[in-house]
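Below: the structure, in structure tokens.
2 protein chains.
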Amino acid sequence: MTRIAIDCMGGDHGPSVTVPAAIRFLAEQSSVQLLLVGREEVLRPLLGAQADHPRLRVVHASEVVGMDESPSLALRNKKDSSMRVAINQVKSGDADACVSAGNTGALMAISRFVLKMLPGIDRPSLCAPLPTSRGHTHLLDQGANVDCTAQQLLQFGVMGTALVAAMERKEKPTVGLLNIGEEDIKGNEVVKAAAELLRRSDLNFVGNVEGDGIYRGCADVIVCDGFVGNVALKTSEGLAQMLAGSLRDEFKRNWLTRLAALFAISVLNRFKKRFDHRCYNGAILLGLKGISVKSHGSADELAFGNAIRRAFDAAENRVLERIAAQMAQMTQLQPLAAEEVQ
Amino acid sequence: MTRIAIDCMGGDHGPSVTVPAAIRFLAEQSSVQLLLVGREEVLRPLLGAQADHPRLRVVHASEVVGMDESPSLALRNKKDSSMRVAINQVKSGDADACVSAGNTGALMAISRFVLKMLPGIDRPSLCAPLPTSRGHTHLLDQGANVDCTAQQLLQFGVMGTALVAAMERKEKPTVGLLNIGEEDIKGNEVVKAAAELLRRSDLNFVGNVEGDGIYRGCADVIVCDGFVGNVALKTSEGLAQMLAGSLRDEFKRNWLTRLAALFAISVLNRFKKRFDHRCYNGAILLGLKGISVKSHGSADELAFGNAIRRAFDAAENRVLERIAAQMAQMTQLQPLAAEEVQ
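Note that the protein sequences, when read in sequence, are chains A and B.
Following my numbering, the numbering of the first sequence begins with 3 at its first residue and continues without gaps.
Following my numbering, the numbering of the second sequence begins with 3 at its first residue and continues without gaps.
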């Protein structure tokens, strides 16, 4: 039985989304136990017929971290927030993973403070899959670290490799380095040093990948600093929204185009479904001694359910053990590399 | 009469694309004179009936810079390349602007060496428009500088403002700073310092813009370092290609979807045309004492024609004078800011 703690108060919509998503996931997955964390008086009435479900438990937490609250203040002052109590469940061993759609900065700060880093990893990194023309890829970091050293980019490669190996049973996932050209001479100093570290590692490094390579599926894992990763991700979201909006506008232009839309609707729906961002919701905060999953704040029931599923899959597939094992394999390389780069 | 020098040998397709594009532009625009630079024995036969056109001149250059050639070697050794001779025309005053689809690194290195920087500008910056849901925006730098100081990001804001003011007659174009959150505390140290400089400048600074804000049209000019800008641009290209490919696949799935495509074809074509990347081809290398325009290497005739048009418009609208004037306005702020940031 895999146990997932859910911060039910987080996100733009709070319990009205998180609780129904949890109940649905419980029905779909028989080997999960859910701990719903939040104000008991708010959560209980939403449970309805599921209130006494044997695999469901409400864990009371009196406070809520605001979406715009300062992460450091949330860390210091809100010891009984639903977010913190959910993370505490992982720390105490009462849960195997936790999920929150709350304040990203606070989730990172509190997860790091409570769970601590795995040995050999400097900073946690946000990682989620993205669709590609061949399937999907994992980009990390997606925004947890604005500045990274070459050593940290190497660690992202290790963690991404472990994640894909564990979740998708790929023995040697390919790792690419996000850069502005495929040639070795391209990029800034950190990226060039990271390329050197990746080349010397025992990871399956395939070299530099340009921005368009993300969606061409050039590698299973693509590493970059969190500033670049976040810009790539948000730029993609913005472009996809603009294109979708424009396609909709074109089909609504007049009665003829509306008629065309009727004929094309099933094709357009298949297309829409294939790239539905809700199916890619749930970024794992990798590098901690516990699994903490960040859902998009605006997630709806379907999207939040996918974040719960990601937490469940990560726990089931023992991602943490895999990262630790991969790091152990790397240790003989690290001191050499670290000296040369610093 | 505006005179444009064209490196006819550059790009993936060379003269077979550049010469027809030039001839078509000549027919469309009566106040342009074109200098076609390259091997005379290659170019002449392609001119056909236009060989004696009064506004067309072939300027012989014996060498060609290879698409994969080292920029520093091209700069040092190929003094008679079509690229260098085209840039020389601008330097000598024989042309008002030059265009090349050749090797980006070489074009930047040679343009900078031959034309020199404008006073007060540290580094050249690649700038081209991108479509948005409201019209278009100008993102810079798109890849000329992998690392930037805050001061350089401010200079990009100044140059972008001057470009949009000159080309689009907007008196106070809005300027945004590409970042990973809208709040002031977000981003790395360089970005935070740049925000401070931009706030104090007399530019119309609207604050941080996230990746999705590019396509929402949050600002007329969006500044970022060339690494981030290049990743944003290429990621967008990759996503657009994947989505277009997938939409095509969905409409080709079976005879029913092919029938739907027939009904939807005019709508789809309008949609396609609206975001045709060829219409956005032609990045100006800003900050030099001369106009040098970089076309995509793979540009076809339509795309290359748009790069020629961008060079023509920049020269006609006196972009260089506008940048110099904008820089002069800024000088009283600069010393203060530079001290505080360094």
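All C-beta atoms in this analysis are idealised placements derived from N, C-alpha and C, irrespective of residue type, glycine included.
Quick caveat, the model's predicted, so the values are computed rather than measured.
Classify P337/A as buried or exposed, calling it buried when 16 or more other Cβ atoms lie within 10 Å of its own Cβ. If you number the first sequence from 1, residue 337/A lands on position 335. A caution first: P337/A carries a pLDDT of 49, below 50, which makes its placement in the model unreliable, though a value can still be read off. So P337/A counts as exposed.
Roughly how many angstroms lie between the CA atoms of H154/B and V160/B, to the nearest whole one? Along the second sequence, one-based indexing puts residue 154/B at 152. Along the second sequence, one-based indexing puts residue 160/B at 158. Contrary to the premise, residue 154/B reads as Gln rather than His in this sequence. Taking the straight line from one Cα to the other gives about 10 Å.
If you draw a straight line from the C-alpha of L287/A to the C-alpha of K174/A, how long is it? Within the first sequence, numbered from 1, the residue matching residue 287/A stands at position 285. Within the first sequence, numbered from 1, the residue matching residue 174/A stands at position 172. Looking at the two C-alpha atoms, the distance is approximately 22 Å.
Give a yes or no on contact between the stretch 226 to 239 of chain B and the stretch 223 to 231 of chain A, applying the rule of three or more CB pairs nearer than 8 Å. yes
Closer than 8 Å is the cut-off here; do at least three beta carbon pairs connect the stretch 282 to 302 of chain A with the stretch 11 to 22 of chain A? yes
Check whether the stretch 160 to 169 of chain B touches the stretch 242 to 259 of chain B, counting contact only when three or more Cβ pairs, one atom from each stretch, lie closer than 8 Å. no
Take A108/A and list the residues in its own chain whose beta-carbon comes closer than 6 Å to its own, dropping the five residues that flank it on each side. Within the first sequence, the letter at position 106 stands for residue 108/A. Within the same chain, A108/A has close Cβ partners V67, P73 and A76.
Assign M119/A to buried or exposed, taking buried as 16 or more other Cβ atoms, counted over all protein chains shown, within 10 Å of its Cβ. By one-based count along the first sequence, residue 119/A stands at place 117. Exposed is the call here.
Note down the Cα distance separating R46/A from A146/A, rounded to an integer number of angstroms. Here residue 46/A refers to the residue found at position 44 of the first sequence. Here residue 146/A refers to the residue found at position 144 of the first sequence. Between R46/A and A146/A, the C-alpha separation is close to 34 Å.
Of all the CB atoms in chain B, is at least one closer than 8 Å to the CB of S74/A? Within the first sequence, numbered from 1, the residue matching residue 74/A stands at position 72. It does not; no Cβ of chain B falls within 8 Å.
Would you say N232/A reaches chain B, if we count a Cβ-Cβ gap shorter than 8 Å as a contact? On the first sequence, position 230 is the one that residue 232/A refers to. With 8 Å as the cut-off, N232/A counts as an interface residue toward chain B.
Suppose contacts are defined by Cβ-Cβ distances below 8 Å. Is L241/B in contact with S203/A by that definition? Reading the second sequence from its first residue, position 239 is the one you call residue 241/B. Reading the first sequence from its first residue, position 201 is the one you call residue 203/A. The answer is no: Cβ separation not under 8 Å.
Name the DSSP beta bridge partners of M119/B, please? The residue given as residue 119/B occupies position 117 in the second sequence. The partner list for M119/B (beta bridge, DSSP) reads L290/B.
9 Å Cβ cut-off: residues of chain A touching G247/B: As a position in the second sequence, residue 247/B is number 245, starting the count at 1. Per Cβ cutoff of 9 Å: S135.
Using the C-alpha atoms, what's the distance from M110/A back to S83/A? Here residue 83/A refers to the residue found at position 81 when the first sequence is read from its first residue. Here residue 110/A refers to the residue found at position 108 when the first sequence is read from its first residue. Answer to the nearest angstrom: the Cα atoms are 14 Å apart.
Rounded C-beta distance between V345/B and V61/B? I'm assuming under 8 Å. A query on residue 345/B cannot be resolved here, the shown segment of chain B reaching from 3 to 344 and no further.
Measure the beta-carbon distance from A23/B to E303/B and round it to whole angstroms, keeping in mind my assumption that it falls under 8 Å. The residue you call residue 23/B lines up with position 21 of the second sequence. The residue you call residue 303/B lines up with position 301 of the second sequence. Sure, about 5 Å apart at Cβ, within 8 Å.
Would DSSP call Q243/A helix, strand or coil? If you number the first sequence from 1, residue 243/A lands on position 241. In this structure, Q243/A counts as helix in the three-state DSSP scheme.
When you compare the CB of I182/B with every CB in chain A, is at least one pair closer than 8 Å? Taking the first residue of the second sequence as position 1, residue 182/B is located at position 180. I182/B counts as touching chain A.
At least three beta-carbon pairs within less than 8 Å, the stretch 249 to 268 of chain B to the stretch 266 to 277 of chain A: yes
Just to confirm the assignment, what range does the beta strand (DSSP E) spanning Q35/A have? Taking the first residue of the first sequence as 1, we reach residue 35/A at position 33. Its beta strand (DSSP E) spans residues V34 to G40.
Does V343/A come within less than 8 Å of chain B when only Cβ atoms are used? Taking the first sequence and counting its residues from 1, one reaches residue 343/A at position 341. Residue placement at V343/A cannot be trusted, given a pLDDT of 43 that sits under 50; what the coordinates show is reported in the next sentence. No, V343/A does not count as interfacial toward chain B.
Three-way DSSP call (helix, strand, coil) for T176/A in this model: What you label residue 176/A is simply residue 174 of the first sequence in a count that begins at 1. Strand.
Considering Cα atoms alone, identify which of A197/B, F265/B and R26/B is closest to A51/B. Residue numbering aside, residue 51/B sits at position 49 when the second sequence is read from its first letter. Here the closest residue by C-alpha is R26/B.
Nearest-angstrom Cα distance between Q328/A and A313/A? Working through the first sequence from its first residue, we reach residue 328/A at position 326. Working through the first sequence from its first residue, we reach residue 313/A at position 311. Their Cα atoms are separated by approximately 20 Å.
Spatial neighbours of R280/A in its chain, beta-carbon cut-off 6 Å, leaving aside the 5 residues before and after: For the purposes of this step, residue 280/A is identified with residue 278 of the first sequence, where counting begins at 1. Excluding sequence neighbours, R280/A sits near L304 and A305.
Would you say S238/A faces chain B, with C-beta separation under 8 Å as the test? Indexing the first sequence from 1 puts residue 238/A at position 236. True, the Cβ-Cβ gap to chain B drops below 8 Å.
Of all Cβ atoms in chain A, is any one closer than 8 Å to the Cβ of L155/B? Taking the first residue of the second sequence as 1, we reach residue 155/B at position 153. No - not a single Cβ of chain A is within 8 Å of the one on L155/B.
What residues are listed by DSSP as bridge partners for R59/B? Here residue 59/B refers to the residue found at position 57 when the second sequence is read from its first residue. Answer is L37/B.
For V211/A: DSSP bridge partner residues: Position 209 of the first sequence, counted from the start, is the residue given in the question as residue 211/A. Per DSSP, L180/A.
Give me the Cα-Cα distance between E185/A and G137/A, rounded to the nearest whole angstrom. Counting from one through the first sequence, the residue named residue 185/A turns up at place 183. Counting from one through the first sequence, the residue named residue 137/A turns up at place 135. Looking at the two C-alpha atoms, the distance is approximately 25 Å.
When V116/B, L117/B and E198/B are compared against L156/B, the one with the closest alpha-carbon: Position 154 of the second sequence holds residue 156/B. Taking only the C-alpha atoms, the option nearest L156/B is E198/B.
Determine the burial state of P121/B: buried for a count of at least 16 other Cβ atoms within 10 Å of its Cβ, exposed for fewer. Position 119 of the second sequence holds residue 121/B. P121/B should be labelled exposed.
Of all the residues that make up the stretch 267 to 295 of chain A, which are near chain B by a beta-carbon distance shorter than 9 Å? I267, S268, V269, L270, R272, F273, R276 and F277
Contact under 8 Å by Cβ, I398/A with I310/A: Within the shown structure, residues of chain A are numbered from 3 to 344, placing residue 398/A beyond reach of any answer.
Would you mind giving the Cβ-Cβ distance between G292/B and K93/B, rounded to the nearest angstrom? I have them listed as a contact below 8 Å. Along the second sequence, one-based indexing puts residue 292/B at 290. Along the second sequence, one-based indexing puts residue 93/B at 91. Their Cβ separation, rounded to whole angstroms, is 6 Å, which keeps G292/B and K93/B in contact under 8 Å.
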